[in-house]
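Residue numbers (my numbering): 226 to 880. By construction, the Cβ of each residue, glycine as well, lies at the ideal position given by its N, Cα and C atoms. A quick write-up on the structure given underneath.
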């Protein structure tokens with residue numbers, strides 16, 4: 226929870242509490258539950274407060290105070306439920322909190338409703354009367370987070386984020402993944418129930434109402450499964466916070482964080498299969514302020530770490546230290562203002578070649594909370610370059626931290642609080658979506674033993690950011706084809722023979738994150754009877770030069786097309802935009818898409834479901850005639866309409 230949220234909690238919730246306490250309608254038992262919930266809430270023990278608020282709501286579903294406070298408490302564990310509760314509280318009692326617009330902004334931002342979040346933040350900002358109110362600057366930062374998030378969310382990377390599953394992750398927070406050099410052992414940190422510091426009889430829970438952090442270990446069963454974790458109890462886990470940071474020196478040493486002196490960095494060595502008592506790093510590293518995460522380079526000579534020792538407000542910055550001749554760590558030096566911000570910068574990690582620095586930051590162009598950034602080493606300038614966000618879906622509107630590459634660098638581990646997880650932070654893998662090889666044959670539906678040589682297969686799809694992609698191959702004399710496609714996409718597959726389209730099918734390629742996946746896929750097409758498949762019932766429409774405005778005669782044609790589609794609910798079509806050769810290829814690809822979209826938008830307005838229509842642009846790449854005369858160029862400025870068959874479906878009969 227950010228600083229502004231904490232500031233507002235006491236003020237805004239006190240108003241709701243006063244109103245609730247003065248309500249004569251509350252039964253005594255309900256008052257008691259509300260009072261207990263509020264006491265725990267005020268201690269920031271949000272998880273423990275929730276059952277008491279739920280008891281109140283079971284008896285009084287429209288209790289605005291319980292709804293509002295439970296909603297704020299749920300922000301740390303269930304963002305969607307938090308949104309439902311806070312919005313309902315505001316509906317029941319519009320002024321349930323003087324800061325209600327702020328909290329509506331929070332839940333909308335965390336649930337990817339960025340425009341709505343900005344509107345709520347702006348409304349809240351308007352309630353701040355004093356020009357020098359420090360909250361104005363913090364709200365402006367939250368508005369910028371929502372703007373950043375909107376941009377990055379609409380430019381997603383081709384990345385697949387996978388949860389490690391319920392064996393590792395729980396309803397509590399799991400973070401700080403540390404992987405062994407053979408990628409078979411995972412050491413990580415959990416705030417779950419089975420931790421040393423959570424023994425209520427001996428210690429109780431931490432000040433924030435959550436269990437203390439302890440270090441756990443698990444071993445890989447296979448690519449998708451892990452053994453039941455075990456606590457590294459004994460010398461590593463104490464009654465306070467203990468967190469894993471890095472395995473190094475052939476997995477014989479472990480960097481770790483302990484909550485001593487507001488947080489220090491320690492190292493433990495493995496001896497005879499057991500970890501030794503952790504030793505604190507020297508005073509060049511540890512201070513009376515908090516030190517967070519750390520990373521030692523493979524040569525053991527440089528330590529990167531985060532510390533609050535040098536900032537005015539105790540926020541974390543990234544520093545490094547090199548070993549002295551005596552083998553200890555020398556004075557710390559800042560990574561500089563290009564990397565460090567006035568907000569928290571934490572969790573440093575370097576690629577094996579030392580040229581890329583990964584870290585988590587609440588500054589730069591974060592989507593909200595911590596985001597993962599990378600900076601490239603400038604060998605000429607001897608400095609780190611301007612950080613770049615790893616983008617969505619690595620980063621989300623909430624905290625994303627502890628980014629660590631797998632030993633072979635092909636994927637990464639990450640701790641993140643995101644929708645769809647098991648609780649608070651979970652550990653995920655970040656997998657880059659790879660190309661797959663699609664192989665198979667093309668057969669005639671009328672004679673399933675007959676392969677068709679010389680068939681052109683054109684696979685058209687889009688990347689994660691919406692850019693058009695296209696792959697093609699022509700079947701060999703035996704009817705075989707082979708093509709490399711980006712996985713995790715649904716493609717429109719145009720099957721062409723002798724310059725004519727036989728039919729268009731839809732083909733979904735599952736996600737693959739390795740480099741050697743081959744998928745066998747045969748296509749069965751209507752090769753003999755192609756009168757319907759080549760668009761005979763759907764006439765082409767034509768356009769003026771460099772235009773995508775529908776002509777009057779095109780509207781008449783589209784009206785007929787809409788009538789056929791509405792009378793035949795089982796038919797979907799692909800709308801293909803074409804151009805003459807007057808402009809560049811890049812320009813014509815855009816123009817062709819605009820022409821296809823114009824026809825699609827008109828058909829939707831006539832009552833054809835958007836989901837039944839797909840569009841693709843071929844630009845000038847598939848001319849109907851040579852671009853040598855004005856008359857032939859007119860033939861090329863067109864939209865064509867092809868039926869799309871889902872995999873395995875027979876050719877429908879048009880009424």
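Can you name, in chain order, every residue of its own chain whose Cβ lies under 6 angstroms from the Cβ of residue i, other than the five neighbours on each side?
i	result
residue 476	405, 406
residue 722	680
residue 505	489, 491, 511
residue 371	334, 339, 342, 343
residue 805	852, 858, 861, 862
residue 265	273, 274
residue 433	269
Could you tell me which residues DSSP pairs with residue i in its beta bridges?
i	result
residue 608	603
residue 451	445
residue 384	657
residue 686	694
residue 559	544
residue 714	734
residue 844	803
residue 496	499
residue 471	480
residue 797	869
residue 681	699, 721
residue 568	According to DSSP, residue 568 bridges with nothing at all.
residue 767	863
Put residue i into one of helix, strand or coil per three-state DSSP.
i	result
residue 307	helix
residue 595	coil
residue 528	strand
residue 658	coil
residue 784	helix
residue 401	strand
residue 354	coil
residue 725	strand
residue 803	strand
residue 395	coil
residue 331	helix
residue 505	strand
residue 543	strand
residue 629	strand
residue 490	strand
residue 778	helix
residue 286	coil
residue 863	strand
residue 258	helix
residue 751	coil
residue 708	strand
residue 663	strand
residue 427	Legend: pLDDT at residue 427 = 47, less than 50; position of this residue unreliable, value from coordinates given subsequently. Three-state DSSP puts residue 427 in coil, outside helix and strand.
residue 583	strand
residue 517	strand
Which residues in the same chain have their Cβ closer than 7 angstroms to the Cβ of residue i, if we skip the five residues on either side of it in sequence?
i	result
residue 501	460, 493, 494
residue 484	465, 466
residue 514	487, 532, 533, 534, 539
residue 520	471, 529, 573, 574, 575
residue 401	413, 414, 468, 469, 470, 627, 640
residue 818	802, 840, 842
Is any heavy atom of the ligand NAP found at a distance shorter than 7 angstroms from the C-beta of residue i?
i	result
residue 744	Within the structure as shown, the ligand NAP is missing, as the structure has no ligands at all.
Pop quiz: residue i and residue j are said to be a contact at Cβ under 8 angstroms. What is the actual Cβ separation, rounded to whole angstroms?
i	j	result
residue 441	residue 457	7 angstroms
residue 541	residue 532	7 angstroms
residue 383	residue 630	Not confirmed; about 18 angstroms, so no contact.
residue 281	residue 307	Between residue 307 and residue 281 the Cβ distance is about 17 angstroms, and since that is not below 8 angstroms, they are no contact.
residue 368	residue 346	5 angstroms
residue 544	residue 518	Going by Cβ atoms, the distance from residue 544 to residue 518 rounds to 12 angstroms, so no, they are not a contact pair.
residue 636	residue 660	Between residue 660 and residue 636 the Cβ distance is about 16 angstroms, and since that is not below 8 angstroms, they are no contact.
Which same chain residues, not among the five before or five after residue i, have their C-beta less than 8 angstroms away from its C-beta?
i	result
residue 701	678
residue 410	404, 442, 443, 444, 445, 476
residue 319	325
Count the CB pairs spanning the segment 648 to 661 and the segment 383 to 398 that are closer than 8 angstroms, and state whether there are at least three.
yes
So, does the segment 616 to 636 touch the segment 585 to 597, judging by three or more C-beta pairs under 8 angstroms?
yes
Can you confirm whether the segment 603 to 617 touches the segment 373 to 380 when touching is taken to mean that 3 or more C-beta pairs between the two stretches lie within less than 8 angstroms?
yes
Touch check for the segment 519 to 532 and the segment 567 to 579: three-plus C-beta pairs under 8 angstroms?
yes
Any contact between the segment 310 to 324 and the segment 633 to 644? By contact I mean 3 or more CB pairs, one from each, below 8 angstroms.
no
Using 8 angstroms as the threshold, is the segment 734 to 750 in touch with the segment 664 to 671, meaning 3 or more CB pairs across them?
yes
Assess, as a yes-or-no matter, whether the segment 686 to 703 is touched by the segment 764 to 783 under the definition of 3 or more beta carbon pairs within less than 8 angstroms.
no
Given 8 angstroms as the limit, is there contact between the segment 575 to 586 and the segment 353 to 365, that is, 3 or more CB pairs closer than that?
no
The segment 815 to 833 touching the segment 787 to 798, judged by at least three CB pairs closer than 8 angstroms:
yes
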